[in-house]
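Step one of this worksheet: look at the structure below.
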Amino acid sequence: MRLALAAGTSTPELARATACALGRDLERCTVERFPDGELAVALPDVRGADVYLIQGTPPPAHDHLAELLLLADAARRAGAARVTGVLPYVAYARQDRRGAEGEGVGGRVVADQLSAALDRVVAVDLHTAALEGFFSCPVEHLAAVPLLAARVRPLATGCVVVAPDLGAIGRARHYAGLLGLDVAAVRKRRLSGREVEALGVDGDVRGRDVLVVDDMISTGATVAAAVNALRGAGARRAAVVATHPLLVPPAEELLGSLDLDALVVSDSVRTAACTTPPLDVVGLGPLLADAIGRLHREAPMAQLLAAT
Ligand code: R5P
2 MRLALAAGTS TPELARATAC ALGRDLERCT VERFPDGELA VALPDVRGAD
52 VYLIQGTPPP AHDHLAELLL LADAARRAGA ARVTGVLPYV AYARQDRRGA
102 EGEGVGGRVV ADQLSAALDR VVAVDLHTAA LEGFFSCPVE HLAAVPLLAA
152 RVRPLATGCV VVAPDLGAIG RARHYAGLLG LDVAAVRKRR LSGREVEALG
202 VDGDVRGRDV LVVDDMISTG ATVAAAVNAL RGAGARRAAV VATHPLLVPP
252 AEELLGSLDL DALVVSDSVR TAACTTPPLD VVGLGPLLAD AIGRLHREAP
302 MAQLLAAT
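Counting from 2, one number per residue, gives the positions in the sequence shown under our numbering.
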């Protein structure tokens, strides 16, 4: 079966880097808009192929999701033998349960749509590993953490790895294990979509440098509250590493106010350059290429997968 790579518009540079790492070209694929805003996509040359659609769902999430669903439909109607969605970032993953009576569970809604459209999903550093269970198709959950940890290693000597909320403890332990460092955590309370409050720091950070680790930075409120709480608890220098840099306003302003030594992210999301501090971007192309190559050859994936 021929391997065919195609990309939507969410992360064109990452799609090209992935294709380049695989030594292949991206398929001819068009994504256009009708005057009323509806999407029109075409993926004509994939009959009989093992198709990998590189298209995450970063903001604007609904546009990117619709594009992926339409591309999957186009691939099937063009005769693709198998269609895998490669999502460097999966939106709605934070909605994995109801926060209050009357709410919906967005993670499940999105997983249902993707499961119906695709034969398989490849995702990277999901907000929670349990999200895999929301999908009725197989999910290959790749870990970008080892790549990001390798990038921060030179500046992490002697740091304490800090989870900015209790939900990030597993991720902090993963980084700490790879880097041979201690772990601390900030207790956080979310007040609204843009506001969080740090309730305290668990662990001793007095006089220590800290490396705050998270899966994503959206408004920057979580990271800002954590870094300020850590400084209040006596921490010295601070660096931040997060896989998915959504960086919606006022993230740039908040991050710029923190006097960070480094801000390391991946290219899972196409983001405008953050100026203070400059983003240090780790490319995921080789990881995605390795995963796609293995899936196509039906080779073992364990080495690339996030811990369960
Ligand atoms: C929360 O559980 C996530 O892991 C992130 O910490 C959070 O969603 C980041 O959002 P923001 O940057 O808006 O605080």
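In this text, a Cβ means the ideal position worked out from N, Cα and C, and glycines have one as well.
Check                                                                                                : Outcome
Neighbourhood of R29 by C-beta, 7 Å cutoff - its chain only, sequence neighbours within 5 removed    : P45 and D46
Given N310 as reference, the closest of V211, A81 and D126 once Cα atoms are compared                : Residue numbering for the chain in the displayed model covers 2 to 309; residue 310 lies beyond these limits and cannot be assessed.
Exposure of G233, with buried meaning 16 or more beta-carbon neighbours within 10 Å                  : exposed
Limits of the beta strand (DSSP E) - the one that P13 falls within                                   : Element bounds for P13: not the beta strand (DSSP E) but the alpha helix (DSSP H), P13 to L23.
Any non-hydrogen atom of ligand 1 closer than 7 Å to S267 Cβ                                         : no
Per-residue DSSP class, three states only, for H142                                                  : strand
D166: CB within 7 Å of a non-hydrogen atom of ligand 1                                               : yes
Given 8 Å, three or more beta-carbon pairs between the segment 166 to 173 and the segment 187 to 199 : yes
With 16 other Cβ atoms within 10 Å as the buried cut-off, status of M2                               : exposed
Beta strand (DSSP E) segment containing A26, residue limits                                          : Per the sequence presented here, residue 26 reads as Asp, with Ala not at that position. Element bounds for D26: n/a, residue is neither H nor E.
Local Cβ density within 10 Å of T58, reported as buried at 16 or more and exposed below that         : buried
Per DSSP, the bridge partner or partners of T31                                                      : A43
C-beta contact flag for L255 and G204 at 8 Å                                                         : no
Nearest to P89 (by Cα), restricted to the options A41, R209, V110 and G9                             : G9
Alpha-carbon to alpha-carbon, A303 and D291                                                          : 12 Å
Short Cβ contact (8 Å threshold) for V202 with Y176                                                  : no
Option in A157, L156 and G108 with minimal Cα separation from F135                                   : G108
Where D113 falls, given that 16 or more other Cβ within 10 Å makes a residue buried                  : exposed
Proximity test, T158 beta-carbon vs ligand 1 heavy atom, cut-off 7 Å                                 : no
Beta-carbon spacing of V206, V161 below 8 Å                                                          : yes
Environment of H63 [buried if 16+ CB atoms lie within 10 Å]                                          : exposed
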